[in-house]
Amino acid sequence: MRLTTKGRYAVTAMLDLALHSDQGPVSLSDISNRQGISLSYLEQLFSKLRKRLLVTSVRGPGGGYRLSRSNDDIFVAQIVDAVNESVDATGCKGRSDCQSGNTCLTHHLWCDLSDQIHDFLSQISLEQLVHRNDVRQVAERQNFESRQSCFDSDKIRAAIVD
C-alpha cells in the first residue's frame, strides 16, 4: 500500500489545525514547529486544501488558517484527495500495465484493497481523531515541547543581548 508523505503530512497538518482551532487562526509556522514539517511544504499543501475548500485563510496580524467546516464534516479521505494523493495498493499505480504492459493476475484484488482503504478513510472524521486519547496525549507533548523551544529561544536571545 502506498500513501506518500504528501498525504500523511496533509492529514497531520489538518489534525493539528483541528486540535488548535479553538485558539483562533493557526499559523503554518506554528504547525511547522509542532509537526516538524517544512513551512514551504505546508504552504504548498494548504494551497491545495484551500482550493478544495477544506480551509480558509485569515490575513493580517494574528492571521493563519481555519477549517472551513466543522471537524465532524471533514474526513481523512477528503484531505488525501485534496492534495492529489491516491491510496494505491497496486504495483502499477492503477495503470493496468503490471505484467509486460498487461493487467496482472492480482491487479483487481489490489484495486479492491485500494478502494477499501479509501472507504475506510472516508469514514474517519477529524472530530473522531481529535477525541482519541492517543492523539490528545501526543498533542499535549508537542504543545509542551513547542513552548519549551520558544522559551529556550527567548533565553538565548536574552543572553546574546546581554
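When we follow my numbering, the leftmost residue of the sequence shown carries the number 3, and every step to the right adds one.
The beta carbon of each residue, even a glycine, is placed where N, CA and C say it ideally should be.
query: Straight-line CA distance for H133 to D18?
result: Each residue's alpha carbon lies about 13 Å from the other.
query: Can you tell me the Cα-Cα spacing of Q144 and S151, whole angstroms?
result: Using only the alpha carbons, I get a separation of about 10 Å.
field: CA nearest to the CA of V89, picked from V57, K50, L115
entry: Answer by Cα proximity: L115.
Contact belief for F77 with S124 at Cβ below 8 Å, rounded distance in angstroms: That belief holds up - the Cβ atoms of F77 and S124 are roughly 5 Å apart, short of 8 Å.
query: How many whole angstroms separate the CB atoms of R61 and A84, which I take to be in contact at a CB cut-off of 8 Å?
result: Wrong, their Cβ atoms sit about 21 Å apart, outside the cutoff.
- prompt: How many angstroms separate the CA atom of S31 from the CA atom of R68?
  reply: Between S31 and R68, the C-alpha separation is close to 14 Å.
- prompt: Per DSSP, which one or two residues make a beta bridge with L69?
  reply: L69 pairs with V57.
query: From this set, Q118, Q130, F48, which residue's C-alpha is nearest V28's C-alpha?
result: When Q118, Q130, F48 are compared, the shortest CA-CA separation from V28 is found for F48.
field: Contact set for V57: own chain, Cβ-Cβ below 8 Å, skip 5 residues either direction
entry: Same-chain partners within the cutoff: M16, L19, F48, L51, Y67, R68, L69, S70.
task: Can you have a look at H110 and say buried or exposed, based on whether 16 or more other CB atoms are within 10 angstroms of its CB?
output: Burial call: exposed.
Three-state class that DSSP yields for Q46 in the structure shown: When secondary structure is reduced to three states using DSSP, Q46 falls in the helix class.
message: Which same chain residues end up closer than 6 Å to V13 when comparing Cβ atoms and leaving out the 5 residues on each side of it in sequence?
response: Closer than 6 Å at the Cβ level, and outside the excluded window around V13, lie V78, I81.
- request: With a threshold of 16 other CB atoms inside 10 Å of the CB of R36, please say whether the residue is buried or exposed.
  value: For R36, the number of other beta carbons within 10 angstroms of its own is at least 16, and it is reported as buried.
- request: Measure the C-alpha to C-alpha separation of F146 and G103 and round it to an integer number of angstroms.
  value: So the alpha carbons of these two residues sit roughly 53 Å apart.
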